[in-house]
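S.K.:
Protein chains in written order, with our numbering: chain A, -6 to 107; chain B, -1 to 112.
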């Protein structure tokens, strides 16, 4: 079983829909949680970063972490065709010296249709 | 792109030949990482560095070596390339000493071993 599970999709939604993307994890040592967006043939781009349980909002994006359930979510409101990409969840514990190794989900492919 | 340059961007090489990929950063970040991305596996950590001449193994380090002689450069070497090393390789940087543990990624190197 992988440490981080993520539904690969593809997920297709109409423009303007609310999108919910989710990951579950098994390692209770994970403390930092991130969502990356990756366009085709590009590098991952950091969207949201959270530490601890709760919600964090940034524009149309909301990241939610539930450490008790080992479950994280990313919500996208008023989805746009430009949101069409692969969304990767990532999480880490802390390395000696304060660095972090990221463990990624496999990514969910999202398509927002006109 | 957070001041990260990967070179080359594309490479085709033959089985058994050594290959070196370069990551150059202009952010003066302490930590640098090499990941590979494969369908069904997401991004997996190969090696990372926490300072000049300080490196350690990640999840999938067999067949790879790294070196970091300057803060800004992190090299990944495939000692004797195999077809299983055909992948997209991403370099990432982070600066946890600043209080932030987000990792930022380069644009990737697409390597094909024939």
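Note that the Cβ used here is the ideal one computed from N, Cα and C, for glycine as well.
Quick caveat, the model's predicted, so the values are computed rather than measured.
Going by DSSP, which residues form a beta bridge with residue 96 of chain A?
M.R.: Paired residues: A/84.
S.K.: Could you check whether residue 76 of chain B and residue 32 of chain B sit closer than 8 Å to each other, using their CB atoms as the reference points?
M.R.: Against a cut-off of 8 Å, the Cβ pair of residue 76 of chain B and residue 32 of chain B comes out as no contact.
S.K.: Tell me whether the region 61 to 71 of chain B and the region 14 to 27 of chain B touch, counting them as touching only if at least three CB pairs, one residue from each stretch, are closer than 8 Å.
M.R.: Cβ pair count under 8 Å is three or more, so yes.
S.K.: Which term fits residue 13 of chain B, buried or exposed, when burial requires 16 or more other beta carbons within 10 angstroms of its beta carbon?
M.R.: Residue 13 of chain B is exposed by the Cβ-count criterion.
S.K.: Taking C-alpha atoms, which residue in A/94, A/106 and A/22 lies nearest to residue 72 of chain A?
M.R.: For residue 72 of chain A, the nearest C-alpha among the options comes from A/106.
S.K.: Roughly how far, in whole angstroms, is the beta-carbon of residue 80 of chain B from the beta-carbon of residue 111 of chain B, given that I think they are within contact range, below 8 Å?
M.R.: With 8 Å as the limit, residue 80 of chain B and residue 111 of chain B qualify as a contact, their Cβ atoms being about 6 Å apart.
S.K.: Only counting the same chain, and skipping five residues up and downstream in sequence, which positions put a Cβ closer than 6 Å to that of residue 86 of chain B?
M.R.: Around residue 86 of chain B: 35, 106 and 108.
S.K.: Taking the beta carbon of residue 57 of chain A as the centre, do at least 16 other beta carbons fall within 10 Å, making it buried, or is it exposed?
M.R.: It counts as buried.
S.K.: Just tell me which of B/41, B/30, B/10 and B/61 has its CA closest to the CA of residue 53 of chain B.
M.R.: Checking every option, the nearest Cα to that of residue 53 of chain B belongs to B/30.
S.K.: Please report the straight-line C-alpha distance between residue 15 of chain B and residue 82 of chain B, rounded to a whole angstrom.
M.R.: Between residue 15 of chain B and residue 82 of chain B, the C-alpha separation is close to 13 Å.
S.K.: Between A/67, A/14, A/12 and A/96, which lies nearest to residue 50 of chain A when the distance is taken from Cα to Cα?
M.R.: Measuring from the Cα of residue 50 of chain A, the nearest candidate turns out to be A/67.
S.K.: Using 10 angstroms around the beta-carbon of residue 62 of chain B, count the other beta-carbons present and answer buried if the total reaches 16, otherwise exposed.
M.R.: Residue 62 of chain B is buried by the Cβ-count criterion.
S.K.: Just verifying my parser: in three-state terms, what is the DSSP assignment at residue 59 of chain B?
M.R.: Coil, per DSSP.
S.K.: Under DSSP, the beta strand (DSSP E) around residue 7 of chain A begins and ends at which residues?
M.R.: Where residue 7 of chain A is concerned, the enclosing beta strand (DSSP E) stretches over 4 to 7.
S.K.: Since residue 37 of chain A meets chain B, which of its residues come closer than 8 Å, beta carbon to beta carbon?
M.R.: Going along chain B in sequence order, the residues near residue 37 of chain A (Cβ under 8 Å) are 41, 88 and 103.
S.K.: Which residues of the region 45 to 66 of chain B have a Cβ closer than 7 Å to any Cβ of chain A? Give them in chain order.
M.R.: Per Cβ criterion, the list reads 46, 48 and 56.
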